[in-house]
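So the sequence lines, in the order shown, correspond to chains A, B and C.
The working numbering puts the first residue of the first sequence at 1, with every later residue one more than the last.
The working numbering puts the first residue of the second sequence at 1, with every later residue one more than the last.
The working numbering puts the first residue of the third sequence at 1, with every later residue one more than the last.
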Amino acid sequence: MPVRSSKFSLSAKGFTDVVDITSKVAEIVSSGTMDDGIATVFVPGSTAGVTTIEFESGAVRDLRDAVDRLFPRDIRYDHNERWGDGNGFSHVRAAVLGPSLTIPFSGKALLLGTWQQIVLVDFDNRPRRREVIVQVVG
Amino acid sequence: MPVRSSKFSLSAKGFTDVVDITSKVAEIVSSGTMDDGIATVFVPGSTAGVTTIEFESGAVRDLRDAVDRLFPRDIRYDHNERWGDGNGFSHVRAAVLGPSLTIPFSGKALLLGTWQQIVLVDFDNRPRRREVIVQVVG
Amino acid sequence: MPVRSSKFSLSAKGFTDVVDITSKVAEIVSSGTMDDGIATVFVPGSTAGVTTIEFESGAVRDLRDAVDRLFPRDIRYDHNERWGDGNGFSHVRAAVLGPSLTIPFSGKALLLGTWQQIVLVDFDNRPRRREVIVQVVG
Numbered sequence: 001m002p003v004r005s006s007k008f009s010l011s012a013k014g015f016t017d018v019v020d021i022t023s024k025v026a027e028i029v030s031s032g033t034m035d036d037g038i039a040t041v042f043v044p045g046s047t048a049g050v051t052t053i054e055f056e057s058g059a060v061r062d063l064r065d066a067v068d069r070l071f072p073r074d075i076r077y078d079h080n081e082r083w084g085d086g087n088g089f090s091h092v093r094a095a096v097l098g099p100s101l102t103i104p105f106s107g108k109a110l111l112l113g114t115w116q117q118i119v120l121v122d123f124d125n126r127p128r129r130r131e132v133i134v135q136v137v138g
Numbered sequence: 001m002p003v004r005s006s007k008f009s010l011s012a013k014g015f016t017d018v019v020d021i022t023s024k025v026a027e028i029v030s031s032g033t034m035d036d037g038i039a040t041v042f043v044p045g046s047t048a049g050v051t052t053i054e055f056e057s058g059a060v061r062d063l064r065d066a067v068d069r070l071f072p073r074d075i076r077y078d079h080n081e082r083w084g085d086g087n088g089f090s091h092v093r094a095a096v097l098g099p100s101l102t103i104p105f106s107g108k109a110l111l112l113g114t115w116q117q118i119v120l121v122d123f124d125n126r127p128r129r130r131e132v133i134v135q136v137v138g
Numbered sequence: 001m002p003v004r005s006s007k008f009s010l011s012a013k014g015f016t017d018v019v020d021i022t023s024k025v026a027e028i029v030s031s032g033t034m035d036d037g038i039a040t041v042f043v044p045g046s047t048a049g050v051t052t053i054e055f056e057s058g059a060v061r062d063l064r065d066a067v068d069r070l071f072p073r074d075i076r077y078d079h080n081e082r083w084g085d086g087n088g089f090s091h092v093r094a095a096v097l098g099p100s101l102t103i104p105f106s107g108k109a110l111l112l113g114t115w116q117q118i119v120l121v122d123f124d125n126r127p128r129r130r131e132v133i134v135q136v137v138g
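Structural data, given as structure tokens:
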């Protein structure tokens, strides 16, 4: 069966913490037996997402600012009224960004752009461990 | 060929109706012959999307409110001027959320978080039937 | 190995240029040997994204307007302060839309809706060539 399931964990700080996970994903792909295929990067949980960005502090800050501007922390969230955990903004942000990203690879190398990194974006309102699943199909 | 194509349909009300489809997708994966792989959940059509959220009424309401705030119904949409069907806001919302979600599974179980549900989000401006495609590769 | 890697290139104008790539992707799928599977459409680079939309000039304009409204060009971007290339807005927009889309196919035909087209959205601030990768697994 041409599927390999891997995972790793990391510490994230929440509040749109952007964590570069490119090398972790690339290592999983390069150490496997499949030359060509796709890698699905998935974060379990409903307060984080996965995407790509040029991972330099300016663009990361700009993403954080845009998220804060469009999905403010300090407006009323029904989730907070019901559950009291104060992370209603986190849930909305994560649902819009999405928890999954599928990246093609060839010759055991991810077909990313030179300035394109895979990132986990942690939207929660507290630091926590995150598990990331990488499902390689090829 | 390690691919199985399934589909199901559901009734959606439009106007950012968020429908929990987790059990439908999970049943397709658990009833198949593949132990490990990925399931791509896809909604045909240009006025709906797929993502994950903690499916409780507060977070669902918060997502709906955020979408209404960021992509208002009552501003000018060029699509409406041309076609008169009044769902210009639906098209923009669906394009941003995206129609596709790929979820890893292992041991015939989706690798979702405990509080993470798969949802179809119907952005149209009227009730309608929706077909959802689940393509399982493993 | 049931994987086929293809790519094509196109000219894009930037500034939320929306380019219909449906026929290119459909041709790759229909000319292959796999009947059923998934096609992952991926754009390398950190200033473009992939999604679906009803490709008519009204909806395309509406998407462009929404992007300009939500992620303005003329506010401060930290990326611009650091690198001087003036495309901070492009990076944020691309990170939110995402670079990847996975579409199921059956009988060598993409399972898209009738009015649903696959589009590359170029967010950069200048015209450029874009490469699009289509990884077919089935």
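Each residue gets a CB set at the ideal place from its N, CA and C atoms; glycine is no exception.
The structure displayed is predicted, hence computed values, not measured ones.
Query	Result
Test: G138 (chain A) CB closer than 8 Å to a CB of chain B	no
Cβ-based burial, A109 (chain C) [other Cβ within 10 Å; buried from 16]	exposed
Residue-level contact to chain C via CB, P127 (chain B), 8 Å cutoff	no
Cβ shell of D20 (chain A) (< 8 Å), same chain only, five flanking positions each side left out	F55, Q117, I118, V119
Helix, strand or coil at F15 (chain C) [DSSP, three-state]	coil
Contacts that F71 (chain A) makes with chain B (C-beta to C-beta distance below 7 Å)	A66
Span of the beta strand (DSSP E), counted from its first residue to its last, around E131 (chain A)	128-137
Assigned exposure category for T51 (chain A) - 16 Cβ within 10 Å defines buried	buried
Helix, strand or coil at A26 (chain A) according to DSSP, with G and I counted as helix	helix
Span of the beta strand (DSSP E), counted from its first residue to its last, around G49 (chain C)	48-53
Those residues which DSSP pairs with S6 (chain A) across a bridge	A:V134
Per-residue contacts from G113 (chain C) into chain B (C-beta, under 7 Å)	P44, G45, S46
Sufficient close CB pairs (3 or more, under 8 Å) joining the stretch 58-70 of chain A to the stretch 72-84 of chain C	yes
Within-8 Å CB hit, L120 (chain B) to chain A	no
G107 (chain C) in three-state terms, based on DSSP	coil
Identity of the residues DSSP links to T102 (chain C) by a beta bridge	C:T40
Three-state secondary structure assigned by DSSP to D112 (chain C)	Note that residue 112 (chain C) is Leu in the sequence shown here, rather than Asp. DSSP places L112 (chain C) in coil when its eight states are reduced to three.
P72 (chain B) burial status per 10 Å Cβ neighbour count (16 or more: buried)	exposed
Closest Cα partner of G14 (chain B) within the set B:V136, B:R129, B:Q135	B:R129
Spatial distance of S100 (chain B) from V134 (chain B) (CA atoms)	10 Å
D68 (chain C), DSSP secondary structure in three states	helix
Between the CA atoms of R4 (chain B) and S31 (chain B) - distance to the nearest angstrom	11 Å
Secondary structure of D85 (chain A), DSSP reduced to three states	coil
Where L120 (chain B) sits in the DSSP three-state scheme	strand
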